[in-house]
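Taking it in order: structure first as structure tokens, then the write-up.
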Amino acid sequence: TTVSVEQPKRQDTWTGQTGFLLAAIGSAIGLGNIWRFPGVAYTNGGGAFLIPYLVAILFVGIPMLWLDYALGHKFRGSPAWALRRIKAGGEFIGWFQVFVSFVILTYYAAVIAWGVQYTIFSVKQSWGDDPLTFFTSDFLQVAAGDTFSWSPVAAVAIPLALIWIFVLLILGRGLSKGVEAANKIFLPLLVALFLIMVIRALFLPGAVEGLDAFFTPQWGELSDPHVWLNAFSQVFYSLSVGFGIMLTYASYLKPKTNLTGTALVAGFANSSFEILAGIGVFSALGFMASTQGVGVSDIEGLSGPILSFVTFPQIVSMMPGGSLFGVLFFASLVLAGITSLLSLLQVVSGGLQDKFGLSPVKAAMAFGIPAGIVSVSLFGTKSGLNNLDIVDTFINNIGVVASAVMMAILAAAFAPRLKGLREHLNAVSAVKVPKAWEILVGIVVPAVLIFMLFSAIVSY
Ligand code: LEU
């Protein structure tokens, strides 16, 4: 065989279960929770969406999280290494997961940079009375006729480069001193700021109408298969499952660790945050609608970058004391983003460390510098918004799904593997995995994912 390294060294592990748990939650809670979940839930059945969402978590999300944990922990390596232990060809699947994480992190970093800028803009509400034009033409300089006094380089590329330097410095410190330490600061801070933001939003006039729009179940939607597919893809992205992140994180755990229970806690924390985000975002949207004398359904830009960088600034401008609200919202976006970005970076960095025996600093530099350049040139320029849309859609619908399905099939196709992985989980964990897990991961999940992939390809 072409084994180029020994079993990867895992001297630098999480200092304990709490450190791992915080980092796992930090990874899961990200842009997907704040700007994606509320809009997805609302347009896919409102309150009724909770049914496909829960089904997706219980039958796909948690089982796949257990698979990720089992693979990483048992084989103690990043994806390419761990999957190669199943079958030599598995290494390719592992590198594909690294690729998916790499693509996501290039735009993730850009959004964080926008968030930093908007945290500052919030103070003076620099977007003026037309946040849409400000974002697309002034800030990102999408359209001709720029009025922004800075050049696009100063407005976007410089903060983005600073974000890159910041996260690479953290990454270079290694797992426990870098990634774990950062999560221990940023995650509690995020929860605190976000809670204040949500509570403020709940007391806005019109909040109740917003919540009503968000939670009112549209039962009819449940017969639409797309609603179910949307629930599954939301859960994959949001739990950071199936494309290398949790596998990598689990590889740095000490041998005796409660894997399964930790997965349940991480999943629960992630969903709680997501629903909280739905409450906060829709309270604010309800306020906006009632101030304008329209319905929530009349508001455009309910999710993604437009929700964050156009709709929210509009809300901030309408609100008494809006600047503080804006600072809380955008700082939350930045913090949630950074902890997720670190997990994506660790996938690539861990892969390079395992493969080439690099130190954390060298690994961070080896890919961080090219990644930073890709990130700045694709998303720090005037076509940044458009590029983000294309890359995000493609990577979610095809990259993440393909990566998860290949991994599940690989683990299932080699008969003793799923059984062995289940035994591994049960040997170390308090919560025991039932035998049905093998059927879920080996048959149900791949079937669902192949269907998702198929329908995504058809719709292209
Ligand atoms: N789970 C993260 C989120 O919800 C995304 C992942 C790619 C790190 O935003």
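Here this note's numbering is used: the first residue of the sequence shown is 5, the next is one more, and so on. Every residue gets a Cβ at the ideal spot worked out from N, C-alpha and C, and that includes glycine. Every value quoted in this text rests on a predicted model; they were computed, and no experiment measured them.
For Tyr111 and Ala161, the rounded distance between their alpha carbons: As a working note, residue 161 is residue 157 in the sequence shown. As a working note, residue 111 is residue 107 in the sequence shown. Roughly 12 Å separates the two Cα atoms.
Comparing the CB of Gly43 with every heavy atom of the ligand LEU, is any distance shorter than 8 Å? Here residue 43 corresponds to residue number 39 of the sequence shown, with the count starting at 1. It does not: the Cβ of Gly43 is nowhere closer than 8 Å to a heavy atom of the ligand LEU.
Assuming Gly23 contacts Lys188 under a Cβ cut-off of 8 Å, what Cβ separation, rounded to an integer in Å, is found between them? As a first step, residue 23 must be located in the sequence shown, where it is residue number 19. As a first step, residue 188 must be located in the sequence shown, where it is residue number 184. Yes, they are in contact, since the Cβ atoms of Gly23 and Lys188 sit about 7 Å apart, within 8 Å.
Count the CB pairs spanning the stretch 412-424 and the stretch 169-189 that are closer than 8 Å, and state whether there are at least three. no
Taking the alpha helix (DSSP H) that Arg426 falls in, what are its first and last residues? Translated into the one-based positions of the sequence shown, residue 426 becomes position 422. Counting along the chain, the alpha helix (DSSP H) containing Arg426 begins and ends at 420-432.
Nearest to Leu215 (by Cα), restricted to the options Gly308, Ser287, Trp168, Leu109: For the purposes of this step, residue 215 is identified with residue 211 of the sequence shown, where counting begins at 1. That would be Ser287, whose Cα lies nearest to the Cα of Leu215.
Reducing DSSP to helix, strand and coil, say where Ala282 ends up. On the sequence shown, position 278 is the one that residue 282 refers to. Here the sequence assigns Gly to residue 282, which means Ala is not the residue at that position. Note: Gly282 maps to helix in three-state DSSP.
Tell me the residue span of the alpha helix (DSSP H) that contains Thr123. Reading the sequence shown from its first residue, position 119 is the one you call residue 123. 94-128 is the span of the alpha helix (DSSP H), which, as asked, contains Thr123.
The stretch 356-366 contacting the stretch 375-386, beta-carbon criterion three pairs below 8 Å: no
Which whole runs of the alpha helix (DSSP H) in the stretch 283-348 are 4 residues long or more, in chain order? 316-322
Okay, do the stretch 196-211 and the stretch 328-341 touch, 3+ Cβ pairs below 8 Å being the bar? yes
Which listed residue (Gly98, Leu87, Leu26, Trp118) has its alpha carbon closest to that of Lys386: As a first step, residue 386 must be located in the sequence shown, where it is residue number 382. Among Gly98, Leu87, Leu26, Trp118, the Cα nearest to that of Lys386 belongs to Trp118.
Consider the C-beta atom of Gly403 and the heavy atoms of the ligand LEU; say whether any pair is separated by less than 8 Å. As a working note, residue 403 is residue 399 in the sequence shown. Not under cutoff, so the answer is no.
Quick one: is the Cβ of Asn37 within less than 8 Å of any heavy atom of the ligand LEU? Within the sequence shown, the letter at position 33 stands for residue 37. For the ligand LEU, at least one heavy atom lies less than 8 Å from the Cβ of Asn37.
With a CB to CB cut of under 6 Å and the five nearest residues on each side skipped, what residues in its chain are close to Gly372? The residue given as residue 372 occupies position 368 in the sequence shown. If we look at Gly372 and ignore the five residues flanking it on each side, its Cβ neighbours are Leu172.
Is Ser242 near the ligand LEU - that is, is its Cβ less than 8 Å away from at least one heavy atom of it? Taking the first residue of the sequence shown as 1, we reach residue 242 at position 238. Yes; taking the cut-off as 8 Å, the Cβ of Ser242 has a heavy atom of the ligand LEU nearer than that.
Between which two residues does the alpha helix (DSSP H) containing Gln238 stretch? As a working note, residue 238 is residue 234 in the sequence shown. Note, Gln238: alpha helix (DSSP H), 229-243.
Taking 8 Å as the cut-off, does the stretch 313-326 touch the stretch 123-142 (at least 3 CB pairs, one atom from each stretch)? yes
Span of the alpha helix (DSSP H) around Ala86: Working through the sequence shown from its first residue, we reach residue 86 at position 82. Element bounds for Ala86: 83-88.
Following the continuous alpha helix (DSSP H) through Glu213, name the residue where it begins and the one where it ends. Locating residue 213 in the sequence shown gives position 209, counting from the first residue. Unbroken alpha helix (DSSP H) run through Glu213: 211-219.
Which of helix, strand or coil does DSSP assign to Pro67? If you number the sequence shown from 1, residue 67 lands on position 63. Three-state result, Pro67: helix.
Among Glu442, Gly30, Val59, which has the Cα closest to the Cα of Val231? Residue numbering aside, residue 231 sits at position 227 when the sequence shown is read from its first letter. Per the Cα distances, Val59.
Can we count Arg88 as close to the ligand LEU, meaning its CB is less than 8 Å from some heavy atom? For the purposes of this step, residue 88 is taken as residue 84 along the sequence shown, with counting starting at 1. No - the ligand LEU has no heavy atom lying nearer than 8 Å to the Cβ of Arg88.
Three-way DSSP call (helix, strand, coil) for Leu164 in this model: In the sequence shown, the residue the question calls residue 164 occupies position 160. Leu164 falls in the helix class under three-state DSSP.
Going by the C-beta, is Ser105 closer than 8 Å to any heavy atom of the ligand LEU? As a first step, residue 105 must be located in the sequence shown, where it is residue number 101. Yes.
Is Leu348 near the ligand LEU - that is, is its Cβ less than 8 Å away from at least one heavy atom of it? Taking the first residue of the sequence shown as position 1, residue 348 is located at position 344. Within the cutoff, so yes.
Tell me the rounded alpha-carbon separation between Val448 and Leu191. Locating residue 448 in the sequence shown gives position 444, where the first residue counts as 1. Locating residue 191 in the sequence shown gives position 187, where the first residue counts as 1. One C-alpha to the other measures close to 34 Å.
Less than 8 Å between the CB of Ser276 and some heavy atom of the ligand LEU, yes or no? Residue 276 sits at position 272 when you count from the first residue of the sequence shown. Incorrect: Ser276 has no Cβ contact closer than 8 Å to the ligand LEU.
Given 8 Å as the limit, tell me if Gly34 has its C-beta closer than that to any heavy atom belonging to the ligand LEU. Locating residue 34 in the sequence shown gives position 30, where the first residue counts as 1. Answer for Gly34: yes, Cβ within range of the ligand LEU.
Over what stretch of residues does the alpha helix (DSSP H) that includes Gln21 continue unbroken? Position 17 of the sequence shown, counting from 1, holds the residue named residue 21. Segment 21-32, the alpha helix (DSSP H) holding Gln21.
Would Gln238 be called buried (16 or more neighbouring beta carbons within 10 Å of its own) or exposed? To locate residue 238, count along the sequence shown from 1; it is residue 234. The residue is buried, with at least 16 neighbouring Cβ atoms inside 10 Å.
I need the straight-line Cα distance from Gly527 to Gly20, nearest angstrom please. There is simply no residue 527 to check, as the chain begins at 5 and stops at 464 in what is shown.
Alpha carbon to alpha carbon, how far is Gln101 from Leu444? Counting from 1 along the sequence shown, the entry for residue 101 is found at position 97. Counting from 1 along the sequence shown, the entry for residue 444 is found at position 440. When rounded, the distance between both Cα atoms is 21 Å.
Coarse secondary structure for Pro438, derived from DSSP in three states: Residue 438 sits at position 434 when you count from the first residue of the sequence shown. Coil.
Can you tell me the Cα-Cα spacing of Tyr241 and Ile108, whole angstroms? As a working note, residue 241 is residue 237 in the sequence shown. As a working note, residue 108 is residue 104 in the sequence shown. So the two alpha carbons sit approximately 10 Å from each other.
Is it buried or exposed, Leu289, if we count other Cβ atoms within 10 angstroms and call 16 or more buried? Your numbering for residue 289 matches position 285 in the sequence shown. Counting Cβ neighbours within 10 Å, Leu289 comes out buried, since at least 16 surround it.
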